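Peer 1:
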Amino acid sequence: MAGAVAIATLLLAVTALGMWHGAGSGDSSSASLAVGTALEPRPTPPLELIDERGTRSALSAFRGKWVVLAPSMTLCHEVCPITTAAFTALTTRLRQAGLANRVAVVEVTVDPWRDTPARLRAYRRLVGANFTLLTGTQAEILRFWKFFGVSYERVPEGNPPDIDWLTHKPETFDVNHTDGLFILDPAGHERMADEGTASVGGDLSPALSRLLDAEGRENLAHPQLPWSPGQLFEDLRQLMSGKVAVTAHYVRRTSPSSSD
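Numbering-wise, this note's numbering comes out as the position in the sequence shown, counting from 1, plus 961.
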């Protein structure tokens, strides 16, 4: 599911699209990021969401922690299962490094029509996700992702339609959405963005592999603008160190892209 993707990109004003990654400020004392673009800190608004227990939540619930955030959906067959695998690997790496208490890893849905708390719980049981899953009302999710420049829309389901792994019935629509990830600092400020897709070396658990369609298997083998859990971990450590080259001039816009 999570169908064709419209990439909401951050285009550097002084950089070509093909040179997205790691643009620096010119400060020789600062480090560049491996895959993401370091941003001038920008406070996130107080937007409410809902966790998998049906309890009201928000990004403010993670104040005092760094937050690694990505759009996702439980009925994605192209990219989201790979993101879930990468985030699961990241949480393991954080725990091994003794940083698990300082970082929250979060996926927020781009399918508010179907991703209920009950479905999030079922997805966790199915794939063994070991990080936070959040949803919300249609209005809440729209406001949330608009802030980050993430776009999504309902589109017709393919023929033949994909089968819902929970209900075992044909899906009735698909959702095109932006791929990418974001890092927020403990004060709730956006500090990094990346438009790429996860690379896990072609290795997925059987549960996640079963969710992929043909396009998803191609994305697994050949991710676009790839980032790995290891690279994301290093970007996070660089940001936490306080010595990162900041990109001061950028334009956030939405543009079409190939299938997600």
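Where is the CB? At the ideal position from N, CA and C, for every residue including glycine. Because the structure is a prediction, the values reported are computed rather than measured.
Using the rule of at least 16 other Cβ atoms within 10 Å of the residue's Cβ for burial, across every protein chain shown, is valine 1064 buried or exposed?
Peer 2: Label assigned to valine 1064: buried.
Peer 1: Please classify proline 1121: does DSSP put it in a helix, a strand, or coil?
Peer 2: Correct three-state label for proline 1121: coil.
Peer 1: Which residue from Arg1080, Asn1062, Leu1142 and Arg1171 puts its Cα closest to that of glutamine 1192?
Peer 2: The option with the nearest alpha carbon to glutamine 1192 is Leu1142.
Peer 1: Identify, in the order they occur along the chain, each residue of the same chain with its Cβ nearer than 7 Å to the Cβ of alanine 992, setting aside the five sequence neighbours on each side.
Peer 2: Excluding positions up to five away in sequence, the list reads Gln1199, Lys1204, Val1205 and Ala1206.
Peer 1: Please report the straight-line C-alpha distance between phenylalanine 1134 and aspartate 1123, rounded to a whole angstrom.
Peer 2: When rounded, the distance between both Cα atoms is 9 Å.
Peer 1: Quick one: measure Cβ to Cβ for alanine 1046 and serine 1166, integer angstroms, because I've assumed they're closer than 8 Å.
Peer 2: Sure, about 7 Å apart at Cβ, within 8 Å.
Peer 1: In whole angstroms, what separates the C-alpha of serine 1202 from that of glutamate 1132?
Peer 2: The alpha-carbon atoms of serine 1202 and glutamate 1132 are separated by roughly 45 Å.
Peer 1: Over what stretch of residues does the alpha helix (DSSP H) that includes aspartate 1016 continue unbroken?
Peer 2: The amino acid occupying residue 1016 in the given sequence is threonine; aspartate does not appear at that position. Neither: threonine 1016 is in no alpha helix (DSSP H) and is coded neither H nor E.
Peer 1: How many whole angstroms separate the CB atoms of leucine 1055 and methionine 1153, which I take to be in contact at a CB cut-off of 8 Å?
Peer 2: The Cβ separation is near 16 Å, so there is no contact.
Peer 1: Using a threshold of 6 Å, is the CB atom of alanine 1058 nearer than that to any non-hydrogen atom of the ligand COA?
Peer 2: Within the structure as shown, the ligand COA is missing, as the structure has no ligands at all.
Peer 1: Could you pull the DSSP bridge partners for tryptophan 1188 from this structure?
Peer 2: Answer by DSSP bridge pairing, in chain order: Ala1159.
Peer 1: Among the residues of its own chain, which have a CB less than 6 Å from the CB of glutamine 1185, if the five just before and after it don't count?
Peer 2: Excluding sequence neighbours, glutamine 1185 sits near Thr1158.
Peer 1: Measure the Cβ-Cβ separation of serine 1018 and aspartate 1012 and say whether it is below 7 Å.
Peer 2: Contact flag set, yes.
Peer 1: Quick check on leucine 1000: does DSSP put it in helix, strand or coil?
Peer 2: If DSSP states are grouped into helix, strand and coil, leucine 1000 belongs with the strands.
Peer 1: Where does histidine 982 land, buried or exposed, given buried means 16+ other C-beta within 10 angstroms?
Peer 2: Below a pLDDT of 50, predicted positions are generally treated as unreliable, and histidine 982, at 33, falls in that range; no measurement from the model is reported.
Peer 1: Drop a sphere of 10 angstroms on the beta-carbon of alanine 1058, count the other beta-carbons inside from all chains shown, and report buried for 16 or more, exposed for fewer.
Peer 2: Label assigned to alanine 1058: exposed.
Peer 1: Could you say which of Glu1009, Asn1137 and Leu1127 lies nearest to tyrosine 1084 if we only look at CA atoms?
Peer 2: It is Leu1127.
Peer 1: Work out the CA separation of alanine 1168 and proline 1078 for me, nearest whole Å.
Peer 2: Their backbone Cα atoms lie some 20 Å apart in a straight line.
Peer 1: Measure from the alpha carbon of leucine 1094 to the alpha carbon of each residue in Val1088, Ser1112 and Thr1070, then state which is nearest.
Peer 2: Here the closest residue by C-alpha is Thr1070.
Peer 1: Using a Cβ-Cβ cutoff of less than 7 Å, which residues in the same chain neighbour leucine 1173 once the five nearest sequence positions on both sides are dropped?
Peer 2: Around leucine 1173: His1038, Pro1042 and Leu1181.
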